[in-house]
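Trainee: Chains as they are written, first to last, in full-length UniProt numbering: chain A, 1 to 198; chain Z, 1 to 637.
Where a beta carbon is used, it is the ideal one built from N, C-alpha and C, also for glycine.
This structure is a prediction, so every number in the text was calculated from the model and none was measured.
1) On a CA-only basis, which of Z:349, Z:565, Z:585 is nearest residue 406 of chain Z? Give me that one, please.
2) For residue 416 of chain Z, which of Z:305, Z:116, Z:461 has the nearest alpha-carbon?
3) Can you check which of these residues, Z:621, Z:438, Z:580, is closest to residue 481 of chain Z by C-alpha distance?
4) Looking only at C-alpha atoms, which of Z:131, Z:67, Z:242 sits nearest to residue 273 of chain Z?
5) Could you tell me the distance, in whole angstroms, from the CA atom of residue 126 of chain Z to the CA atom of residue 79 of chain Z?
6) Along chain A, in chain order, which residues have C-beta atoms closer than 8 Å to that of residue 40 of chain Z?
7) Helix or strand or just coil, what does DSSP make of residue 89 of chain Z?
8) Is the CB-CB distance between residue 285 of chain Z and residue 249 of chain Z below 9 Å?
9) Only counting the same chain, and skipping five residues up and downstream in sequence, which positions put a Cβ closer than 8 Å to that of residue 271 of chain Z?
10) For residue 37 of chain A, go through chain Z and note every residue whose CB falls closer than 8 Å to its CB, in chain order.
11) Under the three-state reduction of DSSP, which class applies to residue 513 of chain Z: helix, strand or coil?
12) Per DSSP, what kind of secondary structure is residue 373 of chain Z in: helix, strand or coil?
13) Using DSSP with H/G/I as helix, E/B as strand and the rest coil, what is residue 566 of chain Z?
14) Give the straight-line distance between the Cα atoms of residue 627 of chain Z and residue 460 of chain Z, rounded to the nearest whole angstrom.
15) Judging by CA-CA distance, which residue of Z:564, Z:12, Z:617 is the nearest neighbour of residue 506 of chain Z?
16) Tell me whether residue 167 of chain A sits in a helix, a strand or coil according to DSSP, three-state version.
17) Counting pairs of Cβ atoms below 8 Å between the segment 322–339 of chain Z and the segment 352–362 of chain Z, do you hit three or more?
18) Helix, strand or coil for residue 237 of chain Z? Go by DSSP, reduced to three states.
19) Using the three-state DSSP reduction, which class does residue 470 of chain Z fall into: helix, strand or coil?
20) Cα separation between residue 259 of chain Z and residue 414 of chain Z?
21) Three-state secondary structure (DSSP) at residue 65 of chain Z?
22) Looking at chain Z, is there any beta carbon in it that lies within less than 9 Å of the beta carbon of residue 185 of chain A?
23) Spatial neighbours of residue 526 of chain Z within its chain, please: CB distance less than 7 Å, with the 5 preceding and 5 following residues excluded, ordered by chain position.
24) Around the C-beta of residue 591 of chain Z, are 16 or more other C-beta atoms found within 10 angstroms, so that it is buried, or is it exposed?
25) Find out if the Cβ-Cβ distance for the pair residue 463 of chain Z, residue 544 of chain Z is shorter than 9 Å.
26) List the residues of chain D whose Cβ lies closer than 7 Å to the Cβ of residue 152 of chain A, in chain order.
27) Can a CB atom of chain A be found closer than 9 Å to the CB of residue 4 of chain Z?
28) State the DSSP-derived secondary structure class of residue 231 of chain Z, mapped to helix, strand or coil.
29) Leaving out five residues before and five after residue 192 of chain Z in sequence, what residues of the same chain have Cβ atoms less than 6 Å from its Cβ?
30) Using C-beta distances below 6 Å, list every residue in its chain close to residue 135 of chain A, excluding the 5 sequence neighbours before and after it, in chain order.
31) In angstroms with no decimal places, state the Cα-to-Cα distance between residue 382 of chain Z and residue 370 of chain Z.
32) Near residue 555 of chain Z, which residues of its chain fall below 7 Å by C-beta distance, leaving aside the five closest residues on each side in sequence?
33) Assign residue 419 of chain Z to one of three DSSP states: helix, strand, or coil.
34) Using a Cβ-Cβ cut-off of less than 7 Å, give me the residues of the segment 14–47 of chain Z that come near chain A, in sequence order.
35) Report buried or exposed for residue 150 of chain Z, applying the criterion of at least 16 other Cβ atoms within 10 angstroms of its Cβ.
36) If you measure between the beta carbons of residue 29 of chain A and residue 56 of chain A, is that distance less than 9 Å?
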């Protein structure tokens, strides 16, 4: 009777199945990540790049970095946006399906950490749906919410740079998405210890 | 896989030793295995006796303090700034950490795994040398930074300490004169005299059985009680008071007092049943206690370049820092720092004279402002004036020219030492502030008798001065002029009073701190202008009007005022205390931030400190009233 459930499982692509298998265990790894998108509408807009960095035992692992630019030629062309900046990016480029597949393999069952994570996760889910996968199952934390909690702020939104400045993090002049992910990771460590999270 | 962060880290590392010895590509590879740690303020990274970590550390951001514990108190060894490496012990030794690394403020630290870095060390001699060297300096003391080549594995921190450490171990005579029990009194006296000692230990099979000192010869031989042909055992004091090695100054002193002796015998295990290691005399104690500032003064006198003077100044910073940490009274620290700074200035002038030839006229170089009050603990700016004696008109130009050149050289030296030139250019190398005695007297007369006439800015810093070098009589002449003019000079007091009270109030109507609203220091509290300067200015006004001469420090001024004006003694004493508290805040902030300590960031302060700061601001209001009552502040307000 429950065969239809198994059938759904079968239709998933291979990488998604591996991902789901890993979800059974709890991870001690966090992944700080950030997306560059064309806009704020998760249905219409697309992801231009993904950058992420791993954190284990309160240490940011510089070797554990993920960065990929997605040259959305078709989307950019259709909407008449120039795509020079994608071409100029030093990051390795992959088409959307491959990029997402790699990213899912990178994050595994780690806890995701981002700035306005709900939106980024929504964007990812949108793409995953296109690929015939389910929704992301990772636990997710948002440093903006953590920051508001620590400082007892009620303001609506706090930009990443603003937070970096408040914590005197070194801000490089040319900010690449990977730098952002790195800053999110550092900020996360600070906020984590301020909130006393284990 | 590409990795922008690895490049970013490599970019950071390549500017610092020892990483600059490696190629960029190598750095990128190393960077891949780096882990980044975030340390909150006061968080400990590793402690003494912790097992070694598998990595060493580079400070990316913030300041890490390396400390050792001595007599149950933490003592600062070194501060690591961005780019500094520390925690090198795993490279060279197997035993546990010998020091504590603690974050002074919020820090970000790169951990570089030893296994990854080791291949580069063995391949690259320059890297190895640097690591060995910094291992030696980090584990010993900053003052050894100049001395290269001396590399030990142990931390020999107990000796050579350049601070006011009372609990330091003593340096004493480690090869005392040992004589057998059969020796006669005469031979012993001869041996002691030959060796220029003042004592000898009498040993039997290496163990001490007695001790003779000059006192024994005086009391027992010269008085005829013991003949010089008798064996020494008749003369010696026995049993000897023995102590262990590594005894601290404080303890040695206690033992001497307890037993009423002037010499202690150091033995292997601290009893008289083991081998003699040395002798501690009272003299050693005196030397140990007077040790460090004295040594610095000596070093200053020997220095021949700005660089050497700078290293002395660095040591002074250490002294100040460790003194503050162990709560040595601030007035004491200030007077020591004042003397040393004065000696620095004097030496800078001497160096300039050595270069330019002897001066054509007698002169006086006065330090003014905070150094004039001997309240300068941090590397703030230098203010000075130069007065030379009156010379015939035809020689005036050459003389002035010489002194300006002299002042330029001396101030440049001081600038290299770390004292920035005063922003208002109140330095002797300025034409305006380098002139003959007559001109200076005219200047002071016009400042004091017609204040506010020519310009509103008579800088009150000119009324705190201390001579660094030159002719005492010139300084005396100036003092006399000032006090003659000051007598019943209502206008002048009025001016000074207004100057003192014009400063912005430190607290708002709601008793909140008045912080800077804009500019570079937005959100910080202007400790100097809002809190310290009003107290300083008020003290100057009150001492001038009461005719108190020769007391320059603000603290002492208030103390003295309390004596001669007992009616308001309480206010004065409160102000004296408040001044010390505020200075301490400023100094601590300055040392922490490596700044001049003028601005306090309130966010980083805990509640207790904030309350203490607030309490220190209260006495000022009483003082303000007192000044308003005493001097009719009408002319300029």
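Mentor: Checking against the coordinates, here is how it stands:
1) Z:349
2) Z:305
3) Z:438
4) Z:242
5) 23 Å
6) 190, 193, 194
7) helix
8) yes
9) 242
10) The contacting residues do not exist; residue 37 of chain A stays about 19 Å from chain Z at best.
11) strand
12) coil
13) helix
14) 17 Å
15) Z:617
16) coil
17) no
18) strand
19) strand
20) 50 Å
21) strand
22) yes
23) 516, 598, 599
24) buried
25) yes
26) The structure shown contains no chain D; its protein chains are A and Z.
27) yes
28) strand
29) 200
30) 125
31) 9 Å
32) 331, 576, 579, 580
33) coil
34) 31, 32, 33, 34, 35, 36, 37, 38, 40
35) In this prediction, residue 150 of chain Z scores a pLDDT of 32, lower than 50, which makes its location untrustworthy; no coordinate-derived value is stated.
36) yes
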